[in-house]
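Counting with my numbering, you get residues 20 to 180 for the letters of the sequence shown.
Beta carbons: idealized from backbone N, C-alpha and C, even for Gly.
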Amino acid sequence: FGNTKLGNLLHYAKQGQSRELIHEIADQIKPSILSLIVNAKIDAIGFIPPTIRRDVQFMSVLENRLSLTLPLVHLRKVKGDIVVPQKALSKLEDRIQNARASIMLAEKKQFKRILLIDDAVGSGATINETSLKIKSRGIGEVVIGYAITGSYKGFEVIQEV
Numbered sequence: 020f021g022n023t024k025l026g027n028l029l030h031y032a033k034q035g036q037s038r039e040l041i042h043e044i045a046d047q048i049k050p051s052i053l054s055l056i057v058n059a060k061i062d063a064i065g066f067i068p069p070t071i072r073r074d075v076q077f078m079s080v081l082e083n084r085l086s087l088t089l090p091l092v093h094l095r096k097v098k099g100d101i102v103v104p105q106k107a108l109s110k111l112e113d114r115i116q117n118a119r120a121s122i123m124l125a126e127k128k129q130f131k132r133i134l135l136i137d138d139a140v141g142s143g144a145t146i147n148e149t150s151l152k153i154k155s156r157g158i159g160e161v162v163i164g165y166a167i168t169g170s171y172k173g174f175e176v177i178q179e180v
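This is how it looks when you write it as structure tokens:
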């Protein structure tokens, strides 16, 4: 999750399944998200769904704590017999294929500008592939990604789509 205060907080929140720490993260990032919503004229939000099942799902608690009033773009994670988190894949092409195959859109509405929120970005494959699906299906014209923390190595996949 990166060697930053927020990256460490995210790590402890997820591993400890701590609602308190997730609330702390939400409270820290909410002002920047609200500012982005206003400045970028966002009209819908999507939360990247988790891969690993936990009793306390980080993204669900985050979504509830943020209490954003915009419509939600419904995303779901399709899981096969073997669940493969992005961070477990080292090859870029494997990350792209995993993201492409695992994120599904359950949305029929159309929006102008969608904000995708993810907990952490490694290669950028998940946000990029989700954005491509949203745009190719006419669900959103512009998709902006927001990650709480990211890789120091840079993002190999993120591009303007």
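Segment limits, beta strand (DSSP E) that includes residue i
i      : result
GLU160 : 159 to 169
Residues near residue i in its chain [Cβ-Cβ closer than 8 Å; skip 5 each side]
i      : result
VAL97  : ALA120, SER121, ILE122 and MET123
ALA125 : HIS93, LEU94 and ARG95
MET61  : Here the sequence assigns Ile to residue 61, which means Met is not the residue at that position. The residues are LEU55, LEU89, ARG132, ILE133, LEU134 and ILE163.
Sequence-distant residues of the same chain with beta carbon closer than 7 Å to residue i, five excluded per side
i      : result
GLN76  : PRO69
VAL162 : ILE133, LEU135, SER150, ILE153 and LYS154
Inter-residue Cα distance where the pair is residue i and residue j
i      : j      : result
LEU135 : SER150 : 8 Å
GLN36  : ASP138 : 14 Å
LEU53  : LEU111 : 32 Å
LEU87  : ASN58  : 15 Å
ASP46  : ILE115 : 31 Å
Continuous alpha helix (DSSP H) stretch holding residue i: start and end
i     : result
VAL80 : 77 to 85
Are the segment 114 to 121 and the segment 76 to 94 in contact at 8 Å, needing three or more beta carbon pairs? By the Cβ test, the segment 114 to 121 is not in contact with the segment 76 to 94, since fewer than three Cβ pairs between them sit closer than 8 Å.
Counting Cβ pairs closer than 8 Å, one from the segment 146 to 163 and one from the segment 75 to 83, do we hit at least three? Verdict: no, contact absent.
Completely contained beta strand (DSSP E) runs for the segment 45 to 70, where each covers 3 or more residues: Within the segment 45 to 70, the complete beta strand (DSSP E) runs of at least 3 residues are 63 to 66.
At 3 residues or longer, what runs of the beta strand (DSSP E) sit wholly inside the segment 118 to 146? DSSP runs (the beta strand (DSSP E)) wholly in the segment 118 to 146: 122 to 124 and 130 to 140.
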